[in-house]
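In this note's numbering, the protein residues as written are 1 to 721.
Heads up: the structure comes next, in structure tokens.
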Amino acid sequence: MKKLIGIILIIVLPLIASLLLLVPTYTAYKLEQKQKDALVLAERDSTSADSLARMEQFNKEYGDQLISAKQRRLKLGLDLRGGMYVTLEADIIKLIEESALRETVDDVFLEVINKTKQDALTSDKDMIDLFHNNFNQIAIPKKRFLSDYFDFGDQGDIAEIENKIISHLKDNEKDAIDQAIEVIRQRVDKFGISEPTIQKQGGRRIMLELPGVTNESEMRQLLQTTARLEFQLVKSDEALVKSFFKIDQLLAKQNKLKGVSGTIADSIFNEIAQKEADSSDIAKVEEKTEEADTTQVADDSTAADSIVRGEEADTTNPYAGLGEEETRKRYLEDHPFTTLFETYYLPEGKNQRPQQVNFIIDAFPKGDYNFSIFEAVMPKFFEILSRPEVQVLLPDDIQILQAAKPQMMKDPGSGKEFKLFSLYGVKAEPLLTGEVITNAQASYDPNNNQPIVMMSMNSEGAEKWANITGANINKRIAIVLDEQVYSAPNVINKIVGGSSQITGMANSDEARMLQIVLKAGALKTPVQIIEERVVGPSLGEDSISSGVNSMIIAVILVVLFMLMYYRTGGLVANFAVILNMIIVVAVLAAFQGTLTLPGIAGLILTLGMAVDANILIYERIREELYRGRSLKSAVDEGFSKAMSAIIDSNITTFITGLILYYLGTGPIQGFAMTLMIGILATLFTQIIVARAIIDMMIARGATHINFGQSKDIIHTGSERK
């Protein structure tokens, strides 16, 4: 009797446990249906107050229960539910650059960085190791050491310090990845995405599965924004303008040495003509100054026209006596850099209009300057600034940044619009960083109804901000986010209380996105999307339908085959197979796994493997019955002799699944996980549960069990029992 009870428990307990584990999945499904019904009714309500009251009532009754059930239910993958799959890669090279002392960076260091960037495109090696190898190959022969560029306060001999520096860099790398995962998780949670999957992948990658995401551009902005907020003093002064003049001289000299004609090809006019449009109205800017005026910041004149006026006003004009076209051509040859953008001097005093600046001679009044550049030539502008020979001409403590948002300029002739960005020279060392921000709130400016983000600072930040604004009255402070200037207001008076605001957002959605990333905090290193896939909800529904249908068909065919071929034994096998499927799904739910389309394929494969185990056992039993053994003896021998083959095949398949899980990504991991759980469930259900059912039948006095053998064998087996 005790043995019989034990056998029954082996059969019943796994079934009960599995069903209990699936209760949250069923509960979540039913409550979500109720939530949808409540939303439909809320939309039909006559007033918004009634709609709000209805949803509050639902949340009061079912809110906590729904949240609890969703946390413990079986999750559906993107291919079944719809959403966005993203792989991010951390920019470790940027982290290395920022770890180096700014004043020590030279051509040798930049060469190592560039070589590391190239190697990273084709290598999966650790980025710090790549950098270290390249440093040893490039910098060490030139008598440069890591300690020349990095200072972490380490002491000892050179070799010891070098090793400690690499160790510090690797620690920074690991911390940056871990911090990126946490910050991204906070951003995703604040955005309202339910049940996201965020996992570290390899040394520098992060894999995300974001169910239900429909706005791809918003999500890209949310994930890739570094959110490094800095307050930097604007220094667009005459020193910066003079350095631009020197860059002109350097480039003009280089062009002459190379035999390059520094013609309009290097100017803003031709760049716009080539990159923005093939419009004849725009193309003619090289020939007609009045048409060039339509594509520049409004001052009713082009740079060339300013030069002509300079000829009349200044006898030192080197273009005196030249015609207008020749003047323009010579000016462009002599100024291949400053013709990429417009420069304006801002005179002191109220109601003073900006004055357009020409670079005929190295004489610029003291004060503030504004710079504007078209989007088409920005890559060329920043490429020139990145050259080592150009960087030495710029002020040491100045960083040149672009505005976050452009002004739209329209050519009245063609109607085509162009994006015009402001440029800012700012102090490289920030006055204050976003670490002091305690809260951010999207709102609207009451003066112009434009979206803004209000920021609050902690007590330390508020005190610093008051001191900073008090010391820089009548100066501009740029609010910089991820090296883009959102606004650069003029400080009128000291600001106390630690409040500030960011303007320049295109709409309220962008302001809300900025609020989210500021609240979640900044990433220590930028991240880039290197892979993304989007599955629409309709495709997800089709996948569910196809996957479920294929599984149902497979189960029906297997069940029918087992019943027809193995009769009573087939019925036992079918019960074990169904229990197997329930256990696999229940275990996935218990461990908060995700069921994907490849996972359904793994379930179907598990179904086949489970039946295969029963076939091996039953064929062995039939062989023993044909030899004249009794039913109990045949069952014992059948299970015993089939065991080694079943164990061997399942172990080898499990090892394959293990390899797929650790080396694969995304869908491959889903398939491997389901397969491995299925194999373990198969060993339990097809060997232990199926054997327990057969033993229970024998214990209750069964004289024969039909395993598909002929009737005379059945009777022989019953006689020898």
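For glycine and all other residues, C-beta sits at the position ideal for the given N, C-alpha and C.
- The criterion of a C-beta distance shorter than 9 Å is satisfied by R620 and A642.
- At the C-beta level, N614 and A681 stay beyond 9 Å of one another.
- Y369 has its alpha-carbon roughly 12 Å from the corresponding atom of R353.
- Under the three-state reduction of DSSP output, F109 falls in the helix class.
- Between the C-alpha atoms of I502 and D397 there is a straight-line separation of about 24 Å.
- For the pair L208 and L597, the CB atoms are not nearer than the 9 Å cut-off.
- Beta-carbon to beta-carbon, A139 and V108 are separated by about 5 Å, close enough to satisfy the 8 Å threshold.
- The closest CA to that of L346, considering only E637, L340, T327, F371, is found on F371.
- Distance between I11 and I604, taken at the CA atoms: about 22 Å.
- Nearest in C-alpha terms to F135, of all of G156, L121, L110, is L110.
- Taking L420 as the centre and dropping the five residues before and after it, the same chain places the C-beta of V297, S372, I373, F374, E375, P406, Q407, M408, M409 closer than 8 Å to its C-beta, in chain order.
- T343 is bridged by DSSP to F371.
- For E98, no pairing in a beta bridge is given by DSSP.
- Leaving aside the five residues that flank N172 on each side, the residues in its chain whose CB is nearer than 7 Å to its CB run, in chain order, L95, S99.
- Nearest to Q201 by alpha-carbon distance, out of K174, I193, T225, N215, is K174.
- When DSSP reads this structure, F418 sits in a beta bridge with M409.
- One alpha carbon belongs to Y62, the other to P667, and they sit about 33 Å apart.
- Residue nearest to V234 within the set K427, I161, I92, D157 is K427 (criterion: CA-CA distance).
- For K641, there is no enclosing beta strand (DSSP E); the enclosing alpha helix (DSSP H) has its first and last residue at 631–663.
- Judged by their CB atoms, L571 and L560 are not nearer to each other than the 9 Å cut-off.
- For I552, the number of other beta carbons within 10 angstroms of its own is below 16, and it is reported as exposed.
- Going by C-alpha positions, K117 is about 12 Å away from D129.
- Scanning its chain for C-beta atoms nearer than 7 Å, with the 5 sequence neighbours on each side dropped, one finds around Q224 the residues V527, Q528, I529, in chain order.
- Following the DSSP letters along the chain, one finds I184 inside the alpha helix (DSSP H) bounded by residues 158–191.
- When only Cα atoms are considered, Y486 and Y26 end up about 48 Å apart.
- Distances from the alpha-carbon of S459 to those of D636, V611, V496 put V496 closest.
- Put simply, the segment 503–520 touches the segment 451–471. At least three CB pairs are less than 8 Å apart.
- Considered as a whole, the segment 183–256 harbours 197–201, 205–211, 229–233 as its complete beta strand (DSSP E) runs of no fewer than 3 residues, in chain order.
- Relative to V105, the option among L146, Q57, I206 whose CA is nearest is L146.
- Look at Y618 here: in three-state DSSP terms it is helix.
- Between S456 and T438, the beta carbon gap of about 5 Å places them in contact (Cβ cut-off 8 Å).
- In this structure, the alpha-carbon of G367 lies about 30 Å from that of E324.
- In this structure the segment 324–344 lies against the segment 353–364, because at least three pairs of beta carbons, one per stretch, are closer than 8 Å.
- The beta carbon of L660 sits closer than 6 Å to those of I668, A672, all from its chain and outside the five residues before and after it, given in chain order.
- In the DSSP assignment, L78 falls within the alpha helix (DSSP H) that extends over 78–81.
- CA-CA distance, G461 to L431, rounds to 11 Å.
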